[in-house]
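Inspection log for the structure reproduced underneath, given as structure tokens.
Chains as they are written, first to last, in this note's numbering: chain F, 17 to 153; chain X, 15 to 125.
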């Protein structure tokens with residue numbers, strides 16, 4: 017399928033989820049796995065808008081995917097600020113949520129939902145986020 | 015996302031229909047703030063028709079719980095939580111901190 021290019025706005029999230037949801041179906045992932053992909057890409061795109069682009073703007077998020085023998089490899093590309101996942105603290109998931117510091121939950125969800133999550137800078141100066149979801153055996 | 019609010023005798027029942035993401039979370043946040051500002055701190059959130067929740071949605075629940083529990087004046091509880099939403103709440107470590115009810119009637123009766 018063609019890549020999906022959408023503006024970096026929260027209104028695009030539904031389109032992004034639907035796009036990858038179809039891709040996950042094409043890759044033969046089961047219903048639970050499709051939901052997990054939706055959550056991971058929603059958090060990924062939200063992080064791109066909030067952090068790489070520092071808020072909603074006219075810039076773009078480009079989505080693409082590749083079917084693997086055993087699942088789905090998906091990619092989100094942006095031209096915002098580079099992102100270093102190592103500086104994001106692990107979220108507190110133990111204490112009372114009302115006492116917690118905000119942040120980190122999105123990245124945590126992505127890593128829990130997907131089998132692989134990789135951030136890199138691409139040649140044209142943008143950021144690439146690649147995630148893999150494998151079919152359950 | 016659609017929000018249906020029903021004032022009950024001892025609490026307010028709020029049904030969230032659809033998807034709770036970064037786009038709709040501010041809308042729900044405003045609606046819940048309005049409810050607490052009117053002096054209602056006992057809230058039942060009916061999740062039976064909630065199809066999706068992201069971390070942005072989860073933080074709305076946290077902020078509302080903060081407002082409700084302040085001065086021990088009330089609490090935000092959940093009812094009819096679908097399995098997928100339950101998984102997200104569980105993964106975030108929320109399950110032990112919120113009362114969950116099988117039905118909205120039970121949740122309303124709890125107050």
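For each residue, glycine too, the CB sits at the ideal point set by N, CA and C. Predicted, not measured: the structure shown is a model, and the values here were computed from it.
Closest Cβ-Cβ distance between residue i and chain X: below 8 Å?
i	result
residue 102 (chain F)	no
residue 34 (chain F)	no
residue 55 (chain F)	yes
residue 118 (chain F)	yes
residue 51 (chain F)	yes
Following the continuous beta strand (DSSP E) through residue i, name the residue where it begins and the one where it ends.
i	result
residue 87 (chain X)	Note, residue 87 (chain X): premise wrong, no beta strand (DSSP E); not H, not E.
residue 136 (chain F)	132-137
residue 20 (chain X)	16-21
residue 84 (chain F)	76-84
residue 145 (chain F)	143-150
Between residue i and residue j, what straight-line distance do the alpha-carbon atoms span, to the nearest angstrom?
i	j	result
residue 133 (chain F)	residue 123 (chain F)	9 Å
residue 81 (chain X)	residue 85 (chain F)	49 Å
residue 77 (chain F)	residue 147 (chain F)	15 Å
residue 95 (chain F)	residue 80 (chain F)	15 Å
residue 65 (chain F)	residue 75 (chain F)	9 Å
residue 76 (chain X)	residue 114 (chain X)	15 Å
residue 87 (chain F)	residue 57 (chain F)	15 Å
residue 72 (chain X)	residue 138 (chain F)	32 Å
residue 45 (chain F)	residue 135 (chain F)	23 Å
residue 35 (chain X)	residue 87 (chain X)	28 Å
residue 184 (chain F)	residue 113 (chain F)	Lying outside 17 to 153, the shown extent of chain F, residue 184 (chain F) is not represented and no answer is given.
So which residues of chain F does residue i contact, with C-beta pairs closer than 7 Å?
i	result
residue 88 (chain X)	Residues of chain F passing the Cβ test: none, with the nearest at roughly 13 Å.
residue 43 (chain X)	The contacting residues do not exist; residue 43 (chain X) stays about 13 Å from chain F at best.
If I follow the unbroken alpha helix (DSSP H) through residue i, where does it start and stop?
i	result
residue 98 (chain X)	97-105
residue 123 (chain X)	118-123
residue 124 (chain F)	121-129
residue 47 (chain F)	47-63
residue 32 (chain F)	29-42
residue 46 (chain X)	39-51
Under 8 Å, Cβ to Cβ, is there at least one residue of chain F near residue i?
i	result
residue 58 (chain X)	no
residue 108 (chain X)	yes
residue 66 (chain X)	yes
residue 113 (chain X)	no
residue 80 (chain X)	yes
residue 83 (chain X)	yes
residue 33 (chain X)	yes
Identify the contact partners of residue i in chain X, using a Cβ-Cβ distance below 8 Å as the criterion.
i	result
residue 109 (chain F)	105, 106 and 107
residue 46 (chain F)	Ordered by position in chain X, no residue passes the 8 Å Cβ test against residue 46 (chain F), which lies about 12 Å from the chain.
residue 58 (chain F)	35, 36, 66 and 68
Could you pull out every residue in the same chain whose Cβ sits closer than 8 Å to the Cβ of residue i, ignoring the five residues on either side in sequence?
i	result
residue 26 (chain X)	19, 20, 49, 54, 56, 57 and 58
residue 70 (chain F)	96 and 97
residue 42 (chain X)	15, 17, 30, 34, 71 and 74
residue 117 (chain X)	93 and 94
Output needed for residue i: all residues of its chain with C-beta closer than 6 Å, excluding positions within five of it in sequence on either side, in chain order.
i	result
residue 102 (chain X)	67
residue 89 (chain F)	82 and 148
Cutting at 7 Å between CB atoms, please list the residues of its own chain near residue i, excluding the five before and the five after it.
i	result
residue 130 (chain F)	56, 147, 148 and 149
residue 39 (chain X)	70, 71 and 74
Quick check: does the Cβ of residue i come within less than 7 Å of any heavy atom belonging to the ligand FAD?
i	result
residue 149 (chain F)	The model on display carries no ligand, and the ligand FAD is accordingly not part of it.
Taking residue i as the query, report the chain F residues whose CB atoms sit under 8 Å from its CB, ordered along the chain.
i	result
residue 102 (chain X)	55 and 125
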